[in-house]
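Peer 1: Chains U and B supply the protein sequences, listed in that same order. Those letters in the first sequence? Residues 115 to 272, per this note's numbering, in order. Those letters in the second sequence? Residues 115 to 272, per this note's numbering, in order. Don't be surprised by glycine CBs; every beta carbon is placed ideally from N, CA and C.
Number of protein chains: 2
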Amino acid sequence: MTHSDTPQLTLKRFFPYRLANLQAAVSGAVGRLYTGRFNLTHQEWRVLATLSEYPELSAKDIATHTNLEKMQVSRAIARMTERGLLLQHPAAHDRRYLRLQLTEKGLQTYRDIVPLVLEREAYLLDALSAEEQQLLDGLLDKLLERTHQLAEQDKLKE
Amino acid sequence: MTHSDTPQLTLKRFFPYRLANLQAAVSGAVGRLYTGRFNLTHQEWRVLATLSEYPELSAKDIATHTNLEKMQVSRAIARMTERGLLLQHPAAHDRRYLRLQLTEKGLQTYRDIVPLVLEREAYLLDALSAEEQQLLDGLLDKLLERTHQLAEQDKLKE
DNA sequence: TCAAATTTGTTTCACTTGAAACTATAAGCC
DNA sequence: GGCTTATAGTTTCAAGTGAAACAAATTTGA
Numbered sequence: 115m116t117h118s119d120t121p122q123l124t125l126k127r128f129f130p131y132r133l134a135n136l137q138a139a140v141s142g143a144v145g146r147l148y149t150g151r152f153n154l155t156h157q158e159w160r161v162l163a164t165l166s167e168y169p170e171l172s173a174k175d176i177a178t179h180t181n182l183e184k185m186q187v188s189r190a191i192a193r194m195t196e197r198g199l200l201l202q203h204p205a206a207h208d209r210r211y212l213r214l215q216l217t218e219k220g221l222q223t224y225r226d227i228v229p230l231v232l233e234r235e236a237y238l239l240d241a242l243s244a245e246e247q248q249l250l251d252g253l254l255d256k257l258l259e260r261t262h263q264l265a266e267q268d269k270l271k272e
Numbered sequence: 115m116t117h118s119d120t121p122q123l124t125l126k127r128f129f130p131y132r133l134a135n136l137q138a139a140v141s142g143a144v145g146r147l148y149t150g151r152f153n154l155t156h157q158e159w160r161v162l163a164t165l166s167e168y169p170e171l172s173a174k175d176i177a178t179h180t181n182l183e184k185m186q187v188s189r190a191i192a193r194m195t196e197r198g199l200l201l202q203h204p205a206a207h208d209r210r211y212l213r214l215q216l217t218e219k220g221l222q223t224y225r226d227i228v229p230l231v232l233e234r235e236a237y238l239l240d241a242l243s244a245e246e247q248q249l250l251d252g253l254l255d256k257l258l259e260r261t262h263q264l265a266e267q268d269k270l271k272e
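1. Let's test the definition: count the other Cβ atoms within 10 Å of the Cβ of U/A206 and tell me whether it reaches 16, buried, or not, exposed.
2. Taking buried to mean at least 16 other C-beta atoms within 10 Å of its own C-beta, is U/P130 buried or exposed?
3. What are the boundary residues of the alpha helix (DSSP H) that U/H156 is part of?
4. Can B/L171 and B/L162 be called in contact, C-beta distance under 8 Å?
5. Counting contacts by CB-CB distance shorter than 8 Å, is B/R209 in contact with chain U?
6. Anyone know if the C-beta pair for B/L253 and U/E246 falls short of 8 Å?
7. Using 10 angstroms around the beta-carbon of B/Y148, count the other beta-carbons present and answer buried if the total reaches 16, otherwise exposed.
8. Can you name the residues of chain B whose CB is closer than 9 Å to the CB of U/K256?
9. Answer with yes or no whether the minimum CB distance from B/L175 to chain U is below 8 Å.
10. Quick check on B/P204: does DSSP put it in helix, strand or coil?
11. Return the residues of the segment 134 to 148 of chain U that lie within a Cβ-Cβ distance of less than 7 Å from chain B, sorted by chain order.
12. So which residues on chain U does B/R234 lean against when the C-beta distance must stay under 9 Å?
13. Please tell me whether B/L249 and U/L249 are closer than 8 Å, where the distance is taken between their beta carbons.
14. Consult DSSP for U/Q215 and reduce its assignment to one of helix, strand or coil.
15. Using a C-beta to C-beta distance shorter than 8 Å, which residues of chain U count as neighbours of B/R260?
16. Kindly give me the distance between the Cβ atoms of U/L214 and U/Q202, rounded to whole angstroms, as I take these residues to be in contact under 8 Å.
17. Give every residue of the same chain whose Cβ lies closer than 7 Å to the Cβ of U/V231, excluding the five residues on either side of it in the sequence, and list them in chain order.
18. With burial defined as no fewer than 16 other Cβ atoms inside 10 Å of the residue's Cβ, what is the status of B/M194: buried or exposed?
19. Does the beta carbon of U/V228 sit closer than 8 Å to a beta carbon anywhere in chain B?
20. Rounding to the nearest angstrom, what Cα-Cα distance links U/K219 and B/L258 in this structure?
21. Where does B/A122 sit, in a helix, a strand or coil, going by DSSP?
22. Kindly list the residues whose CB is nearer than 8 Å to the CB of B/T240, restricted to its own chain and excluding five residues on each side of it in sequence; keep chain order.
23. In chain U, which residues lie less than 8 Å from B/T68 when you measure between Cβ atoms?
24. Nearest chain B C-beta to U/N181 closer than 8 Å, yes or no?
25. Along the chain, where does the alpha helix (DSSP H) containing B/S188 start, and where does it finish?
26. Check the C-beta distance from B/T261 over to U/V140 and give it rounded, since I have them as a contact under 8 Å.
27. Closer than 8 Å, CB to CB, is B/T164 near chain U or not?
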């Protein structure tokens, strides 16, 4: 290694940068499917997908499931309710909780979108062999685990 | 496969969702290094890194190199100039162009940050074996290529 | 039992952001 | 040359965002 005061950093090879670019591109590619025709934001799509999978969650639960802030969920819910995609009822056992329920229109929207995004996901992953896909899956998990460790470390140092 | 009207989608296993979560976590982990102590935004960091690598680029060039919009670059440049991190001179041959140049303070800031982010990148990637790292690199490239194809397709359909 | 603390969800306020309009300069074309 | 078009960068304006304050309901713990 030659002598140098500053370690080398090449932005184009910097992993966080590469990951950010890929994510933005993937997010855009999938987002184009539901922002235009279905007029859903990214967050609304997540709420829709989560409620389809787990009916009658509360806003809090959705925040947990979707990695969104409770505020973003609150706003997504408000817009979706306004547009007739879901209904809110205060829960009987604890009136702080909202029981959220997709309307038929909400469910239909979900059913319309799912094939589109799955097809696009499949197209993306088709760039990889089955083995590579499985490997990628594991790599993402390992990396995510590390970010949790870093978050822990930083929290302690605060 | 059992019969079902709607193909299955499990948000937690949905690749774009997983990628978005990982990216947010990685971006956060690295961002914490320069947002707090150095008071740089994500975009300012990219501009700083790019100018360190390629001195005297124009704003347009930086936008290209960093995957930022020209507007974001314009704003980053304005803030960084104000804070004494860089200088702008109109280019002699074409006065529309800005010749951007890091000041000593800008360079020093860069030199201070580089070891921190490189260390963090290394820590993240240490979750993977050398082979896995190389593989990941290739996978990201292949996937990125696919997103370009999708962008092309969508552009034509517009 | 009832005051303090906690939890769920909303709202406010200041800041950031993106799209489009705009300014200034240069290039193309007759 | 002079008119149109294109390009670099900035500004404006409306919409989106996050942090923190807030309201309402519930739990805790003397």
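Peer 2: With the given structure in hand:
1. Taking the first residue of the first sequence as 1, we reach residue 206 of chain U at position 92. U/A206 should be labelled exposed.
2. As a working mapping, residue 130 of chain U is identified with position 16 in the first sequence. Counting C-beta atoms within 10 angstroms of its own C-beta, U/P130 has 16 or more neighbours from the protein chains shown and is therefore classed as buried.
3. What you label residue 156 of chain U is simply residue 42 of the first sequence in a count that begins at 1. First-last of the alpha helix (DSSP H) with U/H156: 156 to 167.
4. Position 57 of the second sequence, counted from the first residue, corresponds to residue 171 of chain B. Position 48 of the second sequence, counted from the first residue, corresponds to residue 162 of chain B. The beta carbons of B/L171 and B/L162 sit no closer together than 8 Å.
5. Within the second sequence, numbered from 1, the residue matching residue 209 of chain B stands at position 95. By this cut-off, B/R209 is not an interface position.
6. Start at 1 with the first residue of the second sequence, and residue 253 of chain B comes out as number 139. Start at 1 with the first residue of the first sequence, and residue 246 of chain U comes out as number 132. Result yes, Cβ atoms of B/L253 and U/E246 sit closer than 8 Å.
7. The sequence position of residue 148 of chain B within the second sequence is 34, counting from 1. Label assigned to B/Y148: buried.
8. Taking the first residue of the first sequence as 1, we reach residue 256 of chain U at position 142. For U/K256, the neighbours in chain B by C-beta distance under 9 Å run, in chain order, A241, L242, E246.
9. Position 61 of the second sequence, counting from 1, holds the residue named residue 175 of chain B. Just to set this straight, residue 175 of chain B is Asp in the shown sequence, not Leu. It does not: the Cβ of B/D175 has no partner Cβ on chain U nearer than 8 Å.
10. The residue you call residue 204 of chain B lines up with position 90 of the second sequence. B/P204: strand per DSSP, three-state reduction.
11. Cβ contacts with chain B come from A134, N135, L136, Q137, A139, V140, S141, A143, V144, R146.
12. Along the second sequence, one-based indexing puts residue 234 of chain B at 120. Simply P130, L264.
13. For the purposes of this step, residue 249 of chain B is identified with residue 135 of the second sequence, where counting begins at 1. For the purposes of this step, residue 249 of chain U is identified with residue 135 of the first sequence, where counting begins at 1. The answer is yes: Cβ separation under 8 Å.
14. Your numbering for residue 215 of chain U matches position 101 in the first sequence. The answer is strand: DSSP assigns U/Q215 an E or B state.
15. Position 146 of the second sequence, counting from 1, holds the residue named residue 260 of chain B. What B/R260 touches in chain U: Y237, L238, D240, A241.
16. Here residue 214 of chain U refers to the residue found at position 100 of the first sequence. Here residue 202 of chain U refers to the residue found at position 88 of the first sequence. Between U/Q202 and U/L214 the Cβ distance is about 6 Å, and since that is below 8 Å, they are a contact.
17. Against the first sequence, residue 231 of chain U aligns to sequence position 117. Excluding five sequence positions before and after U/V231, the CB atoms of its chain that fall closer than 7 Å to its own CB belong to V144, L147, given in chain order.
18. The residue you call residue 194 of chain B lines up with position 80 of the second sequence. Buried, since its Cβ has 16 or more Cβ neighbours within 10 Å.
19. Start at 1 with the first residue of the first sequence, and residue 228 of chain U comes out as number 114. Output row for U/V228: interface = yes.
20. Residue mapping note: residue 219 of chain U aligns to position 105 of the first sequence, counting from 1. Residue mapping note: residue 258 of chain B aligns to position 144 of the second sequence, counting from 1. CA-to-CA, the gap between U/K219 and B/L258 works out to about 34 Å.
21. Residue 122 of chain B sits at position 8 when you count from the first residue of the second sequence. Looking at the sequence itself, residue 122 of chain B is Gln, so the reference to Ala does not match. Look at B/Q122 here: in three-state DSSP terms it is coil, with no helix or strand label.
22. For the purposes of this step, residue 240 of chain B is taken as the residue at position 126 of the second sequence. In the sequence under discussion, the amino acid at residue 240 of chain B is Asp, which differs from the Thr named in the question. Excluding residues within five positions, none has a Cβ falling inside 8 Å.
23. Past the edges of chain B, shown from 115 to 272, lies residue 68 of chain B, and the structure says nothing about it.
24. For this step, residue 181 of chain U is matched to residue 67 along the first sequence. Yes, contact with chain B.
25. Position 74 of the second sequence, counting from 1, holds the residue named residue 188 of chain B. Its alpha helix (DSSP H) spans residues 184 to 196.
26. As a position in the second sequence, residue 261 of chain B is number 147, starting the count at 1. As a position in the first sequence, residue 140 of chain U is number 26, starting the count at 1. U/V140 and B/T261 do touch by the CB rule: their CB atoms are close to 6 Å apart, below 8 Å.
27. By 1-based counting over the second sequence, the position of residue 164 of chain B is 50. Yes, because at least one Cβ of chain U sits closer than 8 Å to the Cβ of B/T164.
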